[in-house]
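Enquirer: Residue numbers (my numbering): 339 to 586.
Heads up, the beta-carbon is just placed ideally off N, CA and C, and yes, glycines get one too.
All of these numbers come straight from a predicted model, not from anything done at the bench.
Before anything else, here's the structure in question.
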C-alpha cells in the first residue's frame, strides 16, 4: 500500500483538521478540499490494488450536492452521484450530468456495475449502515474497489456540530444542548440523521465479507494506522475509519 501510505502525512492531517471548522459556515471550502483529498486517496488505493481511476466508472453513495464530481472528473473517471435528499442534491447549485436520487441501502443499479463504489461520511447518518455496505459490494465489479469511510461515534467529531465532548454524555444530551444554545435543532439530529456507529462494528462487518483489504484511520498519518488494531483505544482515537474492500 505504498502510494496510499505515502499520502498519509502529518501535514495533510493538519490541513484537513483546520478545514473542519468551515463545514457548517463555508461548506464549499470544507467539502471542496475534502473532495480533492478523497479523489487522491481513491486514486492511490487504485494504484496499490490494481484499479486505475482513469476511465473508471465511479459511484459516490450519498454524494450530496456534487462537490466530489469535478475532483474525479479531473482524474479521468466517470462519476455518478447518488443522494436520497432532493434538497441536498441542489444545495450547492452544482449542475451534474450523472446524478441519481435513491436510497443507499437499496441501490438502483445492477450487480457488478461500477469499478469503484465509495461513500464518504455517510454510514453514521443512516440507521442500517451495513445494509448500505452490502449494496455497495453488490454493485462493485469483481476486482473493483468498494470504499467506506465514516465518523466513529466515540471519536472527537462523533457528535458532528453538536460539540467535541457533549456526545460522550449522550447523543440526546448533545442534541438538546445544541438546540438550547442555538435556538434550533442541529443539522445532524441524533436518532434521526446521526447514529452511534462504533469502529468495531465496521471492522466486524468488513471482515465478515471476506473482501477486506485494508482498514485505517482516514485522517491520521500512516504511522498512526496501528490504532485500528487496538480494541477500546480505537473507538476514541481513530476518529474516521476507512474500510477498503475488493470483491472476488
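What ranges does the beta strand (DSSP E) occupy inside the segment 377-403, keeping only unbroken runs of at least 3 residues that lie completely in it?
Expert: Correct list: 395-399.
Enquirer: Helix, strand or coil: how does DSSP classify residue 294 here?
Expert: The structure shown has nothing for residue 294, since the chain only spans 339 to 586.
Enquirer: Find out if the Cβ-Cβ distance for the pair residue 557, residue 534 is shorter than 7 Å.
Expert: By 1-based counting over the chain shown, the position of residue 557 is 219. By 1-based counting over the chain shown, the position of residue 534 is 196. No, they are not a contact pair.
Enquirer: By the DSSP assignment, the beta strand (DSSP E) with residue 455 in it spans what residues?
Expert: Walking along the chain shown from the start, residue 455 turns up at place 117. First-last of the beta strand (DSSP E) with residue 455: 452-458.
Enquirer: So what does residue 504 bridge to, in DSSP terms?
Expert: The residue labelled residue 504 in the question sits at position 166 within the chain shown. Bridge partners of residue 504: none, in fact.
Enquirer: Below 6 Å CB to CB, which residues in the same chain sit around residue 445 once its five sequence neighbours on both sides are set aside?
Expert: Stepping through the chain shown from its first residue, residue 445 is reached at position 107. Same-chain partners within the cutoff: 473 and 477.
Enquirer: Secondary structure at residue 437, three-state DSSP: helix, strand or coil?
Expert: The count along the chain shown starts at 1 and reaches residue 437 at position 99. If DSSP states are grouped into helix, strand and coil, residue 437 belongs with the strands.
Enquirer: Nearest CA to the CA of residue 386: which residue from 369, 414, 341 and 491?
Expert: Your numbering for residue 386 matches position 48 in the chain shown. Minimum Cα distance to residue 386 is reached at 341.
Enquirer: Among residues of its own chain, excluding the 5 on either side of residue 371, which ones have a beta-carbon nearer than 6 Å to its beta-carbon?
Expert: As a first step, residue 371 must be located in the chain shown, where it is residue number 33. Contacts found: 357.
Enquirer: Would you report the Cα separation of residue 382 and residue 499, rounded to the nearest angstrom?
Expert: Sequence index remark: in the chain shown, residue 382 carries index 44 (1-based). Sequence index remark: in the chain shown, residue 499 carries index 161 (1-based). Their Cα atoms are separated by approximately 30 Å.
Enquirer: Can you list, in chain order, the residues of its chain with a C-beta nearer than 8 Å to that of residue 515? Leave out the 5 residues immediately preceding and following it.
Expert: Position 177 of the chain shown, counted from the first residue, corresponds to residue 515. Closer than 8 Å at the Cβ level, and outside the excluded window around residue 515, lie 500, 501 and 504.
Enquirer: Hey, could you find the ends of the beta strand (DSSP E) residue 419 is sitting in?
Expert: Indexing the chain shown from 1 puts residue 419 at position 81. Looking at the DSSP string, the run of the beta strand (DSSP E) that includes residue 419 is 416-421.
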